[in-house]
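Take a look at the structure below.
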Amino acid sequence: MKEIITVPDTRFHKVIRLISLLLIIGMFLNIILFWRTIPNQIPGHYNGAGEVDRWGSKGELFLIPILTFLMFLGISVLEKHPSMWNTGVAITSRNKDRVYRYVKNMIAVLKLIMTGVFTYLSFCTVHLLPLYRHFTALSLIAVFGSMAYYLIRILRVPG
């Protein structure tokens with residue numbers, strides 16, 4: 001029988017969850033509050049340089065917060081089931097608490113980054129603002145930088 005593993009939420013995880021949920025709620029509120037001022041045609045997609053390369057109807061605006069919420073839920077489910085995690089190191093009774101805590105922290109941070117990225121995209125789209133020129137690069141650096149940080153910490157945990 002497979003061992004049931006639980007990693008308790010810390011204040012860090014609770015704060016990240018709260019911020020992420022507030023960002024998602026903020027996306028919906030931003031769309032609803034500015035609905036009347038949004039033109040019928042809005043940016044539907046941005047290229048890597050942050051320029052609009054497809055236009056769509058304003059009804060598409062709800063896709064971003066809905067998809068963000070669905071991804072948030074999926075990541076939250078993953079976060080609650082450490083047995084699904086691929087840690088990259090052998091788990092022993094000596095290292096399991098630290099390794100699982102680092103992996104859970106990494107997942108929580110990635111969830112916050114994902115939510116922040118989509119909140120920024122939604123805000124810029126609602127207000128017809130161009131994306132910051134280096135937005136794509138900074139988003140990728142945030143994702144892969146946080147992953148590298150936590151993976152290095154995990155690999156340094158003694159077996």
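The sequence shown begins at 1 in the working numbering and counts up one residue at a time.
The beta carbon of each residue, even a glycine, is placed where N, CA and C say it ideally should be.
Here the structure is a predicted model, which is why all the values come from computation and not from measurement.
Same chain only: Cβ atoms within 8 Å of residue i, ignoring 5 sequence neighbours per side
i    : result
V157 : V89, N95, R98, V99, Y102
G159 : V89, A90, T92, R94, N95
M147 : M106, L110
T41  : Going by the sequence as given, residue 41 is Gln instead of Thr. Contacts found: W55, G56, S57, K58.
L61  : I31, I38, I42, S122, T125, V126
L155 : G88, V89
Buried versus exposed, by CB contacts within 10 Å (16 or more), residue i
i    : result
H13  : buried
I152 : exposed
S83  : exposed
T37  : exposed
F118 : buried
M1   : Note on M1: pLDDT 49, under 50, position unreliable in the model; no value is reported.
I24  : buried
K104 : buried
L67  : exposed
L131 : buried
Own chain residues within Cβ distance below 7 Å of residue i, not counting five before or after
i    : result
M71  : M114
I19  : L112
N47  : D53
F144 : none
S139 : V117
For residue i, the first and last residue of its enclosing beta strand (DSSP E)
i   : result
R54 : 52-57
P43 : 41-46
Among the options, the one whose alpha carbon lies nearest that of residue i
i    : options              : result
P65  : S76, K80, I31        : I31
F69  : L22, W35, A148, R133 : L22
G59  : P43, H81, L73        : P43
T136 : I19, S20, G116, K104 : G116
V77  : T6, V126, L140       : T6
P39  : S57, L67, T87, Y149  : S57
E51  : L73, R133, Y150      : R133
A108 : I16, Y149, L138      : I16
W35  : I4, K80, L128, A49   : L128
T10  : G145, Y149, K80      : K80
Neighbourhood of residue i by C-beta, 6 Å cutoff - its chain only, sequence neighbours within 5 removed
i   : result
F28 : P65
H45 : D53, R54
Span of the alpha helix (DSSP H) around residue i
i   : result
I13 : For the record, residue 13 in the displayed sequence is His; it is not Ile. Looking at the DSSP string, the run of the alpha helix (DSSP H) that includes H13 is 11-34.
S83 : First-last for S83: undefined, no H or E at that position.
G74 : 63-79
(message) At 4 residues or longer, what runs of the alpha helix (DSSP H) sit wholly inside the stretch 91-156?
(response) Fully enclosed alpha helix (DSSP H) runs of 4 or longer: 96-126, 135-155.
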